[in-house]
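J.: Plus 7 on top of the position in the sequence shown (first one is 1) and you've got my numbering.
Glycine residues also receive a C-beta, built at the ideal position from the N, C-alpha and C atoms.
Can you keep this structure in mind? I'll have questions shortly.
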Amino acid sequence: MKTYITLTFIALSTLFAAMVYPIDGYDTTGIKRLYRLQKMEMDSIGNKRIPNGAYLKLEDIKLNLLSRKRDSLGAILVEDNDFARKIARITPGGNYSLAVLDMTNPDSLKYAAHRENVGYQPGSVGKIAVLNGFFTELAEVYPDNFELRTGLMCNKRVKARYWGTGDHHTIPVYDIDSDKLTKRQVVASDEFSLYEWADHMVSVSNNGAASVLYRETMLLDAFGRKYADLTEEEAENYFVETDRDSLTSQANRVVNQPLRDLGIAEDDWRLGGMFTRPAGKYVGREGGSLGTPKGLMKFLVALEQGNVIDEESSLEMKRLLYMTDRRIRYAHSNRLDDAAVYFKSGSFYKCDREKNPNCSDYAGNVFNYMNSVIIVEQPNGKKYIVCLMTNVLNKNSAGAHMYLASSIDKVVNPT
């Protein structure tokens, strides 16, 4: 009798990263890579990676649904029959789920959805939940002063330690004095400000950075005002001395309860744990990660309403999602080149090498999740949100996401 061994490969990834945050944001955030982009712009050095829509300034980024701030998410996400028919005609069959909101006219919103309550492994889109949890804890510590929150983000520097290691994706490390940009993996000795760790998590979707910011979210929750002066030794001792089950429960709470407070149910969107294996030394996983287009749409609508914590936090999180570099997957559509886009993509796939030795990256034959969430603001005033989640086996769906992006833009923005 022969024994067969199934070889599998699992990856949690975002393929190629695309940087975010407005180019003129260095002075307010201290994110060093922005200094380089700002300097290139001032020196009129062309950057072919950056599309026309990526040059908005901080002051140009606004929240689009402030006038609907008091409306419930249920009242907003009601299908418009005509709009829904148009979206249905261009939506592929099979394992596609999506939600689309045309918010060009806040007083006359148009919503369409297809299989919007089907759950998928959200991959790196789940990092938005970490960002939300982090900003929630900042607001708990400094409830009446947003400047103190961003001041802490600028000035508090923390090391990666083992939490940030184990991800093959690189981060941009820029030395202002030598004007040298290096792209490399996170190492345990890396030390960045909280703003830079948040940027590494969102802009290049680094898993190690996500675990570091997740760790700091837990420490903010545990130490409150004392966190600002917390030493590395004190921080590490907290995890050594606290019961593992308690840490796992806390980790689950700090990223998921803020979603529940927004009216996003557990079956809409939840995050099961950290993004790197070394972080599991003290903090376990709980409940598994899941996302639906409807759950993600609820979050982005609340963001545009200014209801994610408060208006200042909502706006700053939106800035952290603003793309200022090469665009990928859904955002790669050339119809979006002149548009401002606020974007997060994620994938999670598994290959059974016994069934197919040639199973390739982002084309898993066991599961092959690819997800895109995006806010699009065209220069002619058309504005809309799309949450797209797919599980198409044996195929890299990046191109399919891009083509669907063009089709949806033609429906919302036919000119």
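Quick check: the Cα distance between Y103 and A370, rounded to an integer number of angstroms?
T.: 15 Å
J.: Out of curiosity, what's the CA-to-CA distance linking K390 and L307?
T.: Distance between the alpha carbons of K390 and L307: 13 Å.
J.: For L44, tell me which candidate among R284, A347, I30 and I183 has the shortest Cα-Cα distance.
T.: Shortest Cα-Cα distance from L44 to any of R284, A347, I30 and I183 involves I30.
J.: Could you tell me whether the stretch 74-88 touches the stretch 109-116, where touching means 3 or more Cβ pairs closer than 8 Å?
T.: Segments in contact, yes.
J.: With distances taken Cα to Cα, identify the nearest neighbour of S131 among G294, V209, N88 and C358.
T.: Nearest of G294, V209, N88 and C358 to S131, Cα basis: V209.
J.: Ignore the nearest five residues each way along the sequence and tell me which others in T98's own chain have a CB closer than 6 Å to its CB.
T.: H121
J.: Which term fits Q264, buried or exposed, when burial requires 16 or more other beta carbons within 10 angstroms of its beta carbon?
T.: Classification for Q264: exposed.
J.: Is L188 buried or exposed, if buried means 16 or more other CB atoms sit within 10 Å of its CB?
T.: exposed
J.: Among L266, L269 and K288, which has the Cα closest to the Cα of L254?
T.: K288
J.: Quick check on L22: does DSSP put it in helix, strand or coil?
T.: The predicted model places L22 with a pLDDT of 40, which falls under 50 and marks its position as unreliable, so this point remains unresolved.
J.: Consult DSSP for Y410 and reduce its assignment to one of helix, strand or coil.
T.: The answer is helix: DSSP assigns Y410 an H, G or I state.
J.: Exposed or buried, what is R251 when buried is set at 16 or more other beta-carbons lying within 10 Å of its beta-carbon?
T.: exposed
J.: From D416 to L84, what distance separates their C-alpha atoms?
T.: 19 Å
J.: To which residues of the same chain is R222 closer than 6 Å at the C-beta, ignoring the five residues directly before and after it?
T.: W170
J.: To the nearest angstrom, how far is the alpha carbon of L108 from that of L227?
T.: 35 Å
J.: Taking its Cβ as the centre, do 16 or more other Cβ atoms sit within 10 Å of A405, making it buried, or is it exposed?
T.: With a 10 Å radius around the Cβ and a threshold of 16 neighbouring Cβ atoms, A405 comes out buried.
J.: Could you compute how far the alpha carbon of I335 sits from the alpha carbon of E248?
T.: 43 Å
J.: With a CB to CB cut of under 6 Å and the five nearest residues on each side skipped, what residues in its chain are close to S379?
T.: R336, Y337, S352, L395 and H408
J.: Can the beta-carbon of T172 be found closer than 8 Å to that of A195?
T.: yes
J.: Hey, which unbroken runs of the alpha helix (DSSP H) at 4 residues or more fall wholly within the stretch 46-132?
T.: 80-83 and 88-97
J.: Starting from G353 and walking both ways along the alpha helix (DSSP H), at which residues does that stretch end?
T.: First-last for G353: A347 to D359, but that is the beta strand (DSSP E), not the alpha helix (DSSP H).
J.: Compute the Euclidean distance between the alpha carbons of Y329 and Y349, then round it to the nearest angstrom.
T.: Roughly 4 Å separates the two Cα atoms.
J.: Can you list, in chain order, the residues of its chain whose CB lies under 6 Å from that of A412, leaving out five sequence neighbours each side?
T.: Y337 and S340
J.: Just curious, the alpha helix (DSSP H) that I135 is in, first and last residue?
T.: K134 to V148
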